[in-house]
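With the numbering used here applied, the sequence shown covers 127 to 474. Yeah, the Cβ is synthetic: ideal placement off N, Cα and C, and Gly gets one too.
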Amino acid sequence: MTHRSTVITRVHTEEGIVGEAYAGDEDAGLEEIVSIVHAEIEPNLVGEDAFAIERCWELARPATYNILRDRRLGLVACAGVDAALWDAVGKRLAQPLWRLWGGYRDRLQMISIGGYYGAGDDDIRAEVAELRERALAGLKFKVGGRSPEEDAARFRVAREAGGPDFVLAADANQGWSPAEAIRFARLVEDCDLAWFEEPCNWANDRRAMRDVRYSAGVRVCAGQSEYSAAGCRDLMAEGSIDVCNFDASWSGGPTEWRRAAAIALAYDVSMGHHEEPQVASHLLASIPHGLYVECFHPDRDPIWWNLVANRPQLRDGWLELPLGPGLGWELDLDFVERHRVSTGSCRR
């Protein structure tokens with residue numbers, strides 16, 4: 127993917143509060159997601175109490191039951207509504223969500239997702255230098271598309287360019303066999319690997335990831351491919367992961383993510399979040415076992431860097447959480463009008 131598209135969802139309360147959130151990083155299916163919100167979720171929620179989040183979540187959940195369509199479409203639709211409801215609750219209580227959800231910290235380190243193929247060693251060095259210039263704390267580096275030896279050499283270039291205080295994780299996107307993943311991990315064992323994400327092919331990945339953990343002694347991360355807290359629980363129960371990067375926007379919203387986070391605490395598993403900094407920052411800051419917030423380069427995700435008008439400037443790798451109520455983000459409606467693909471006005 128070379129760009130981003132998303133859906134902005136709004137909920138309106140009788141008191142005149144507007145909860146709004148954007149969710150999803152789909153390059154197709156946006157019209158169907160919007161249709162699901164209006165045709166399947168909205169009729170079930172109109173007239174309900176916005177504070178009854180669990181009830182609203184259950185009333186929206188049937189949108190995910192249609193086995194003849196991609197389940198993720200219904201989950202993204204639910205996620206947008208769930209996040210917008212939480213935003214309305216935070217606004218009604220005049221509190222930011224990271225504080226309502228636990229308030230463990232008020233800032234987090236932010237890392238970028240990159241290291242894509244097609245770049246030579248000099249390009250990798252330039253990418254790391256640019257991230258440093260943008261005050262990002264580190265990089266989640268793509269591997270798994272070449273041999274372990276080739277990718278280990280690429281990874282070493284990034285480590286040397288970033289220096290010892292630069293957070294560096296590896297993401298194989300389920301690209302390798304267990305043996306290949308173990309070989310890569312051993313080749314970079316002196317590179318201070320923050321975690322090894324989705325190292326193994328999907329068909330038997332839970333057992334395979336456990337083998338990688340135990341054989342290579344690396345922290346393994348997965349969860350973004352799960353649709354439920356129960357799926358994340360199984361990863362933890364089978365000893366497959368050290369870090370769970372469950373994605374609220376792909377799994378029904380913050381409500382389900384927080385369930386997974388509660389389970390993770392019992393298993394001594396850290397929580398991450400697959401991209402989506404606009405909601406991930408609140409979720410991760412609210413708990414003691416939250417890790418880094420992830421973002422893309424502005425060319426890949428212009429929405430985070432341009433839609434959020436009050437996005438705080440990074441300082442030495444740290445993102446300060448907003449103090450405004452709810453999600454606390456002010457959306458640039460002129461940016462929306464310039465780039466929207468649906469008809470009608472985005473004005474409230």
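Quiz item: Considering L445, what are the terminal residues of the beta strand (DSSP E) in which it resides?
Solution: Per DSSP, L445 belongs to the beta strand (DSSP E) from W444 to E446.
Quiz item: From which residue to which residue does the beta strand (DSSP E) around A294 run?
Solution: First, the amino acid is wrong: residue 294 is Leu here, not Ala. It spans V293 to D297 - the beta strand (DSSP E) in which L294 sits, taken as one unbroken run.
Quiz prompt | Contact the region 429-437 vs the region 405-413: 3+ CB pairs below 8 Å | solution = Judged by Cβ distances under 8 Å, the region 429-437 makes no contact with the region 405-413, as fewer than three pairs qualify.
Exercise. Kindly list the residues whose CB is nearer than 6 Å to the CB of D247, restricted to its own chain and excluding five residues on each side of it in sequence; keep chain order.
Key: Here the set comprises V283.
Exercise. Determine the direct distance from the alpha carbon of A203 to that of Q221, and round the result to whole angstroms.
Key: For Q221 and A203, the distance between alpha carbons rounds to 25 Å.
Quiz item: In three-state terms, what does DSSP make of S391?
Solution: Per the sequence shown, residue 391 should be read as Leu rather than Ser. The answer is helix: DSSP assigns L391 an H, G or I state.
Quiz item: In terms of alpha-carbon separation, which member of R466, D458 and G452 lies closest to W227?
Solution: It is G452 whose Cα lies nearest to the Cα of W227.
Practice problem: Taking all protein chains shown into account, decide if Y418 is buried (16 or more other Cβ within 10 angstroms of its Cβ) or exposed. | Solution: Y418 should be labelled buried.
Quiz prompt | Pick from A245, L391 and L445 that is closest to V405, judged by C-alpha positions | solution = If we check each option's Cα against that of V405, L445 comes out closest.
Quiz item: Rounded to the nearest angstrom, how far is the Cβ of P290 from that of D318, given a contact under 8 Å?
Solution: The beta carbons of P290 and D318 sit about 7 Å from each other, so the pair counts as a contact at 8 Å.
Quiz item: Among all the DSSP beta bridges, which residues are the ones paired with F322?
Solution: Bridge partners of F322: A296 and V346.
Quiz item: Considering only the beta carbon of each residue, do P274 and E306 sit closer than 8 Å?
Solution: The answer is yes: Cβ separation under 8 Å.
Quiz item: Nearest to T132 by alpha carbon, out of E146, E141, D151 and G142?
Solution: If we check each option's Cα against that of T132, D151 comes out closest.
Quiz item: Is there contact between the region 386-398 and the region 189-209, where contact requires at least three CB pairs shorter than 8 Å?
Solution: No, the region 386-398 does not touch the region 189-209.
Quiz item: Between the C-alpha atoms of Y393 and Y230, what's the straight-line distance to the nearest angstrom?
Solution: If you draw a straight line from the Cα of Y393 to the Cα of Y230, it comes to about 19 Å.
Exercise. Would you give the residue range spanned by the alpha helix (DSSP H) that S238 belongs to?
Key: Element bounds for S238: not the alpha helix (DSSP H) but the beta strand (DSSP E), R233 to G240.
Practice problem: May I ask whether a heavy atom of the ligand FMN can be found less than 7 Å away from the beta carbon of G378? | Solution: As far as ligands go, the structure on display features none, and thus does not contain the ligand FMN.
Practice problem: Just mark R198 as buried or exposed, buried being the case when its beta carbon has 16 or more other beta carbons within 10 Å. | Solution: Flag for R198 reads buried.
Exercise. May I ask you to report which of helix, strand or coil DSSP gives H408?
Key: Three-state result, H408: helix.
Exercise. Taking all protein chains shown into account, decide if S375 is buried (16 or more other Cβ within 10 angstroms of its Cβ) or exposed.
Key: Flag for S375 reads buried.
Quiz item: How is the alpha helix (DSSP H) around E420 delimited, first residue to last?
Solution: For E420, no alpha helix (DSSP H) segment is defined; the enclosing uninterrupted segment is the beta strand (DSSP E) at V419 to F422.
Self-check item: Stretch pair the region 353-363 + the region 319-330: three plus CB contacts closer than 8 Å
Solution: With fewer than three CB-CB distances shorter than 8 Å, the region 353-363 does not count as touching the region 319-330.
Quiz prompt | Three-state secondary structure (DSSP) of E465 | solution = Looking at the sequence itself, residue 465 is His, so the reference to Glu does not match. The answer is helix: DSSP assigns H465 an H, G or I state.
Self-check item: Close Cβ partners of S468 (< 6 Å) along its chain, the five nearest in sequence each way excluded
Solution: Correct list: empty, nothing qualifies.
Quiz item: Going along the chain, which residues of its own chain have a beta-carbon closer than 7 Å to the beta-carbon of R258, five neighbours each way excluded?
Solution: Cβ neighbours of R258 beyond the five flanking positions: none.
Quiz item: Nearest-angstrom Cα distance between A295 and E141?
Solution: The straight-line gap from Cα to Cα measures roughly 45 Å.
Quiz prompt | Backbone secondary structure at V133 - three-state DSSP | solution = Assigned with DSSP and collapsed to three states, V133 falls in strand.
Exercise. Excluding the 5 residues preceding and the 5 following V172 in the sequence, name in chain order all residues of the same chain whose CB lies nearer than 6 Å to its CB.
Key: If we look at V172 and ignore the five residues flanking it on each side, it has no Cβ neighbours.
Practice problem: Examine the Cβ distances between the region 363-373 and the region 172-192 and report whether three or more of them are shorter than 8 Å. | Solution: As far as the Cβ criterion goes, the region 363-373 does not touch the region 172-192, which means the pair count is below three.
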